[in-house]
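Numbering (full-length UniProt numbering), first residue to last: 1 to 148.
For reference, the structure discussed in these notes is given below.
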């Protein structure tokens, strides 16, 4: 969340985000595919699980070969929550890309492009208007691409 200086435990962060930044969130339910309208001009999207409040941050980085899409879970490094994964599907009528990812646990959002665990969208597949449709399915445990 831009211009937010909140510091505290991750559990309190869940409450803070849902109370203060609710207009900036996309709510999700575990293991349920969700359409995500996306524009290449939007660099960060935050998802919050409806019941438990987990926060998932999706980021888009522009590079010379296209776009890099990554997703991370804001959580402590301790294995309290177990594995969280997601399936991403991007496409139009001609081309579809799918990727399953195990989400990294992070304590803060970084502006650095990830070295691994991302979906690369080649520039020649990007729509000329900068808008594309994406689906995401976020799961506890490992997920498969065919969820979408």
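The beta carbon of each residue, even a glycine, is placed where N, CA and C say it ideally should be.
- Between the alpha carbons of residue 122 and residue 110 lies a distance of about 23 angstroms.
- Within the DSSP bridge table, the entry for residue 49 names 28 as partners.
- According to DSSP, residue pairing for residue 72 in a beta bridge involves 57 and 104.
- By the beta-carbon neighbour count (other beta carbons within 10 angstroms, threshold 16), residue 48 is buried.
- Contact check between the region 89 to 102 and the region 25 to 32: fewer than three CB pairs, one atom from each, fall below 8 angstroms, which does not count as touching.
- With distances taken between CA atoms, residue 67 lies nearest to 120 out of 120, 86, 37 and 112.
- In terms of Cα proximity to residue 73, the closest of 61, 105 and 39 is 105.
- Shortest Cα-Cα distance from residue 35 to any of 139, 142, 138 and 133 involves 133.
- In chain order, 68 and 113 place their CB closer than 6 angstroms to the CB of residue 61, counting only its own chain and leaving out the 5 sequence neighbours on each side.
- In the DSSP assignment, residue 85 falls within the unbroken beta strand (DSSP E) covering 84 to 91.
- Take the alpha-carbon of residue 63 and the one of residue 99: they are about 19 angstroms apart.
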